[in-house]
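Number of protein chains: 2
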Amino acid sequence: MKYHKMNDHDLKALRAMVGPDRFFAGDEIEKDYSHDELGTVSAYPDAHILPLNKEEISQIMKYAYAYNIPVTVRGAGTGLVGASVPIFGGILLDISKMNRIIELDKDNLTLRVEPGVLLLDIYEAVEKEGLFYAPDPGEKTATISGNISTNAGGMRAIKYGVTRDWVRGLEVVLPDGSIETFGGKVVKNSTGYSLKDLIIGSEGTLAIITEATLKLMPKPAKTVTLLVPFNTREDAIKAAPQLINDHVLPVAMEFLERQSLQFSEAFLGKKIPHDNHPAYLLLSYDGNHDEALNADVEKASALCIDKYNAIDVYLGDTDERRNNIWTVRGGFLEAIKASSDQIDECDVVLPRSNIGAFLAEVRQLAKDLDVRVPYFGHVGDGNLHIYFCKDNMDEKIWQEKIEKGFDFLYKRAFHYGGLVSGEHGVGYAKKQYMNEQLGPNQIRIMKGIKQSFDPKNILNPGKIID
Amino acid sequence: MKYHKMNDHDLKALRAMVGPDRFFAGDEIEKDYSHDELGTVSAYPDAHILPLNKEEISQIMKYAYAYNIPVTVRGAGTGLVGASVPIFGGILLDISKMNRIIELDKDNLTLRVEPGVLLLDIYEAVEKEGLFYAPDPGEKTATISGNISTNAGGMRAIKYGVTRDWVRGLEVVLPDGSIETFGGKVVKNSTGYSLKDLIIGSEGTLAIITEATLKLMPKPAKTVTLLVPFNTREDAIKAAPQLINDHVLPVAMEFLERQSLQFSEAFLGKKIPHDNHPAYLLLSYDGNHDEALNADVEKASALCIDKYNAIDVYLGDTDERRNNIWTVRGGFLEAIKASSDQIDECDVVLPRSNIGAFLAEVRQLAKDLDVRVPYFGHVGDGNLHIYFCKDNMDEKIWQEKIEKGFDFLYKRAFHYGGLVSGEHGVGYAKKQYMNEQLGPNQIRIMKGIKQSFDPKNILNPGKIID
C-alpha cells in the first residue's frame, strides 16, 4: 500500500479543521457513502468530511498532500461508473454542503455557483429571471460539479451542446492545497492551454472544483414536444439524421421502443396516450415566436409523415402533455433499475448515422448471451444507454457475460467511429475499456497530465488512467 | 544551443522525404516565411518543407525527434503573436498544401478537412449545401488549423461560440511521429481527459494537426445587420450588455467609434451612409422565418432608441448594404496597419460589463504615453483589439513605451476579470504577460502537459510557456 493509512492522530487533526458536525469516521460513516448510484464497486473511506468552503478544502488538501492520504471528492453520488467511490480509503470529501448560488450576473449572463449546487436548483434560479442554462442531463439531483466532472450531456446536446460548452470558468483547489482560477466570466479565451477544459470531464482526478462560472442565455419563450410513432424501429432511426439536416435543429431527439415506454409507464403508474406503437422519435423544438415555432413544428410533422414513414405525430404543446411525455422518458433508468437485482450499463457514443447498425448488433448480442438488454438513446447526438440486467443470474456467469458483452460493445462502437463514454464517464468501471480503445500513446499523455496536476497521485486514485 | 544544428546530411535526408519541389533550404527560403502577419519577431528556418499528408509529416517528425531538430508548424502565416515563427531555426513545416476538403457528412453534420484548408473555402463548401460553420474570425484567409491552434473567436461568438465549440475531432501527429485521433464525429464525449481540447488553443506546441472534424448546422435562412449610432461612446457601451439580456441573442455585436469607421472608409475607398456619428453598435440577428426575425429586429431597434439613447437605427437588410457595412468593419486592422510603419497589438478579453471602464483607461494611457492607440472591439463577447502605432517613433523609445503600455493594459485587464488573449493567442510575443497573469502553479502544470506530449521539446519551442 503506497498510501499512508490514516490513524487517530490524522482523524483528530482533520476533525479539528471542520468541527465534529461535519466529520465522520469509522462506524459513523453511512453505507451510502461507500458506493454510487449503480453500486458496482464499493469501498468505505476512513473519514467522510463535509467542507463548507475552499479554505477548508485547501487546509484538508495540504494535510493530505503532506501525509500522502488519498482523497476522493463526492457530490450527490448519482454517478454510474464508481468515480466517487474511495477505493483506496482515505478521505471522502463531500461537497454537498457547498450549495450556494453565489451570483447571477445579468450583464455578463453568467451564474457563479458553489460545487454542490444541484442541477434543479440552477434551473430554478435562472429561469425565474427569464434566463436559461441549457444542459439537461437526466439526473436533476446531481451536483453541478458532478456534471462538470463527467462533462454531462443530456437531452438538449444536439442544439445547445454539453456541459463543457456552458462552463466559462472554474475555481479549483489543487492536490497540494493551492487555489487557482481557470477562465472567468469571459466568452473567449486563448491564453495558454485550456486547463478549464482539462478539468471538465476529469472525474475528480486533477483538482477539486470549488466554484464554477456558468454561461447563461435568454430563455427561449416556448418549447413544443412531438411524439412520433413509427411502424418499425428502422424507420425511426433512419428518420433521425435526415430530419436534422432537412430542417432546423431540434432541441432534443430521443429514440424509444414500445417496450421501454410501457415499462416506464408501469413503473411510474402513469399512462400517456398513443403508447402502443413499435418505435418512436421524441422531438422538441423551441423558439421565441409562436408563429415561427409553429411553422418549424408543422414542417417537422410533415417531413415525418410524408417523407419518413411516421404513423402520426402527437403534439405535446401544453405543459401538462409535455411534462407527461418527458416524465415517462425520464423514468426509463429507474424502471430498468427496479426491474432487476443488479444492472450494469454501457454509455457509448457513436456518429448518429451508425446507431441503427450498432443497435442491431446489441439485440443480437443479447440473444447470443441470453441476457436481457434494454436500451434507449439520445438518437440526435448518438449517445446510447444500454443496460445489462442480472435478473438473479448466478454471479460468476453474470460477470462472465457482462465482461464478454462490454468487450464486444466497446469494440463494435469503436468500429463505428464511437467512443467508450458519451456522458457518464470512465471512473473505475470502464477504465479497462478506455485504455484498450485509446491505446498506449494517449494513456501515456493522460498519465503525464495527471502527474503534472497531482504528482503524489493522492486525488481520486485508481480512476480513469490509474 | 540545446538543439542539433541541421547539416547537409539532414537536409538531404529530409529533402528525399518530400522531393525537391516541396523543400527549400538556405537562400531558397523566401523572406515571408521568417515572420507572421504582424512581424514583431522574425527568424529563418533551416528548411521550409511542404508536406502533402500525415505520413510525410510522421516521417519528418520521426527524423526530427531522433536528431533533436526543432519543428515549427505554419499555416497561412496570418498570426499576430509570432507563434509560427521558427525562432530556433530547424524545420518550418508548412501545411498550406494540405488543403483538401475530405468529406461533408450530411447525416452527422460534420466536415472533415485537411489542416491547410482556408476558412473562406470552408464557408463556400458548406453554405452551398445549406449548411453553416459558425465561427467567423476576421481573417478569412487563415487556415483551419491556425484557427484551431489559437481557438479563434470572431464576430459570432456571442451566439454561436468560438472555434473550440465547433471542433468534434482531431487527427494529429505527435512529436515522435505517432499518429493519434482525439474525439471523432461524436456530439458527446466523456472518455478520459479531453486531449482534443488541449490541442485547441495550444498554438502548435503539443502536436501537429493533420485533420479536423468540424461540427456544422443547418444554415439560418436570413441575417439582418443594424448599424446603431450613439451620441457618446459611453451610451453605446452601456447599451451592449443590456440589449443582450433584455432580448434574444444577437449573432454579432461590435463597437465602433467614428474615427475607426472613417479611417477604414478612407483606406478602402468606400463610403457607407450615416458614418458621421460619435459611436456605434453594429448588430446582427439571424433566423429562419422572416416575420420572427423582423420582430426580433424591431424589438432591438425599439430598445436601442427608447431605452438606450441611440440616435437612430440603420438597417442593413439587403446583401449589398450588409456587405458594405461589414467590409468597412473588416477593414479596421488593415487600415490601422497601413497607417503606421509598425504596430503592436493587445487582444485582451474582459467580462463585457467592464469594457467601458477599461477603454477609459486605454484612452488615458494613450495620452500619458503619447502614443496613437486606435482600438475596436467585439463588445458582445468582451474581446478588444487595441493597437499601438509606432508612427516613425525612435525604436528605443517605442520599445519602452509598448512594454510599459502592455504591462499596464494586461494588469488592468486582470483587475477587471480579464485575460491576456481572447483569440489571437500568446505565441512568442505575449508569453511574458501570460506567465505573470497565470502565476507559477498554472505555468508549472502547463509545462508538465507540454512535457507529456513533447518530452524533447522539439515542437514549436520558445512559445507560450517555454
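Heads up: the sequence lines are chains A and B, in that order. With the working numbering, the residue at position 256 of the first sequence is 1392, and numbering never jumps. With the working numbering, the residue at position 249 of the second sequence is 1385, and numbering never jumps. Built from N, CA and C at the ideal position, the CB exists for glycine as well. Keep in mind the model is a prediction, meaning the values are calculated, not measured.
Taking Cβ to Cβ, would you say residue i is nearer than 8 Å to residue j?
i, j, result
"Lys1537 (chain A)", "Val1507 (chain A)", "yes"
"Gly1319 (chain A)", "Met1570 (chain B)", "no"
"Asp1517 (chain B)", "Val1323 (chain A)", "yes"
"Leu1228 (chain A)", "Leu1174 (chain A)", "no"
"Val1303 (chain A)", "Ile1344 (chain A)", "no"
"Lys1560 (chain A)", "Thr1246 (chain A)", "The sequence as given places His at residue 1560 (chain A); Lys does not occur at that position. Their beta carbons are not under 8 Å apart, which means His1560 (chain A) does not touch Thr1246 (chain A) by this criterion."
"Glu1452 (chain A)", "Leu1362 (chain A)", "For the sequence presented, residue 1452 (chain A) should be read as Gly rather than Glu. Cβ atoms of Gly1452 (chain A) and Leu1362 (chain A): closer than 8 Å."
"Phe1494 (chain B)", "Ser1400 (chain B)", "no"
"Ile1594 (chain B)", "Pro1311 (chain B)", "yes"
"Glu1239 (chain B)", "Arg1248 (chain B)", "yes"
"Asn1596 (chain B)", "Thr1176 (chain B)", "no"
"Leu1501 (chain B)", "Phe1544 (chain B)", "yes"
"Asn1244 (chain B)", "Arg1488 (chain A)", "yes"
Secondary structure at residue i, three-state DSSP: helix, strand or coil?
i, result
"Phe1160 (chain A)", "strand"
"Pro1354 (chain B)", "strand"
"His1551 (chain B)", "helix"
"Asn1291 (chain A)", "One point to set straight first is that residue 1291 (chain A) is Met, not Asn, in the sequence displayed. Looking at Met1291 (chain A) - three-state DSSP - the assignment turns out to be coil, as it is neither helix nor strand."
"Arg1236 (chain B)", "coil"
"Ser1338 (chain B)", "coil"
"Pro1365 (chain A)", "strand"
"Gly1282 (chain A)", "helix"
"Leu1520 (chain B)", "strand"
"His1145 (chain A)", "helix"
"Gly1513 (chain A)", "strand"
"Ala1565 (chain A)", "coil"
"Ile1345 (chain B)", "strand"
"Ser1476 (chain A)", "coil"
"Phe1318 (chain A)", "strand"
"Asp1543 (chain A)", "helix"
Output the distance between the C-alpha atoms of residue i and residue j, rounded to the nearest integer angstrom.
i, j, result
"Glu1339 (chain A)", "Ile1258 (chain B)", "35 Å"
"Leu1256 (chain B)", "Ala1565 (chain B)", "27 Å"
"Val1464 (chain A)", "Gly1405 (chain A)", "10 Å"
"Lys1374 (chain B)", "Lys1264 (chain A)", "24 Å"
"Ala1372 (chain A)", "Ser1178 (chain A)", "39 Å"
"Tyr1416 (chain A)", "Pro1365 (chain A)", "4 Å"
"Tyr1180 (chain A)", "Thr1346 (chain A)", "24 Å"
"Lys1351 (chain A)", "Asp1301 (chain A)", "8 Å"
"Gly1162 (chain A)", "Asp1426 (chain A)", "59 Å"
"Arg1236 (chain B)", "Asp1477 (chain B)", "37 Å"
"Met1529 (chain B)", "Arg1499 (chain B)", "19 Å"
"Gly1297 (chain B)", "Val1387 (chain B)", "10 Å"
"Glu1531 (chain A)", "Pro1222 (chain A)", "24 Å"
"Leu1188 (chain B)", "Ala1278 (chain B)", "18 Å"
"Lys1321 (chain B)", "Leu1574 (chain A)", "15 Å"
"Ile1294 (chain B)", "Arg1458 (chain B)", "19 Å"
"Leu1385 (chain A)", "Ala1270 (chain B)", "14 Å"
"Lys1526 (chain A)", "Phe1542 (chain A)", "14 Å"
"Trp1534 (chain B)", "Ile1479 (chain B)", "10 Å"
"Pro1576 (chain A)", "Tyr1199 (chain B)", "21 Å"
"Tyr1201 (chain A)", "Ser1314 (chain A)", "11 Å"
"Tyr1511 (chain B)", "Tyr1523 (chain B)", "6 Å"
"Arg1394 (chain B)", "Lys1586 (chain A)", "51 Å"
At a CB-CB cut-off below 8 Å, which residues of chain D make contact with residue i?
i, result
"Asn1593 (chain B)", "Structure shown: chain D not included; protein chains present are A and B."
Below 6 Å CB to CB, which residues in the same chain sit around residue i once its five sequence neighbours on both sides are set aside?
i, result
"Tyr1203 (chain A)", "His1140"
"Thr1359 (chain A)", "Ser1420, Asp1422"
"Lys1276 (chain A)", "Leu1255, Leu1256"
"Phe1195 (chain A)", "It is worth fixing the name first, because residue 1195 (chain A) is Gln in this sequence and not Phe. Result list for Gln1195 (chain A): Met1153, in chain order."
Taking 7 Å as the limit between beta carbons, can you name the residues of its chain near residue i, skipping five residues before and five after?
i, result
"Ile1447 (chain A)", "Pro1365, Phe1366, Asn1367, His1413"
"His1410 (chain B)", "Leu1363, Pro1365, Tyr1450"
"Asp1272 (chain A)", "Gly1290, Met1291, Arg1292"
"Phe1550 (chain A)", "Gln1573"
**OP:** Could you name the residues of the stretch 1310-1333 of chain A whose beta carbon sits closer than 7 Å to any beta carbon of chain B, in the order they occur along the chain?
**Re:** Taking 7 Å as the Cβ-Cβ cut-off against chain B, the residues of the stretch 1310-1333 of chain A that qualify are Leu1310, Ser1314, Glu1316, Gly1320, Lys1321, Val1322, Val1323, Lys1324, Asn1325, Ser1326, Thr1327, Gly1328, Tyr1329, Ser1330, Leu1331, Asp1333.
Original post:
Which of the residues in the stretch 1274-1294 of chain A, read from start to end, lie with their CB under 7 Å from any CB of chain B?
Top reply: The residues in question are Thr1286, Asn1287, Gly1289, Ala1293, Ile1294.
**OP:** Below 7 Å between beta carbons is the criterion; list the residues of the stretch 1339-1367 of chain B that meet it against any residue of chain A, in chain order.
**Re:** Considering only beta carbons, the part of the stretch 1339-1367 of chain B lying closer than 7 Å to chain A consists of Met1353, Pro1354, in chain order.
Original post:
Given a limit of 8 Å on CB to CB distance, which residues of the stretch 1477-1502 of chain A reach chain B?
Top reply: Correct list: Asp1483, Val1485, Leu1486, Pro1487, Arg1488, Ser1489.
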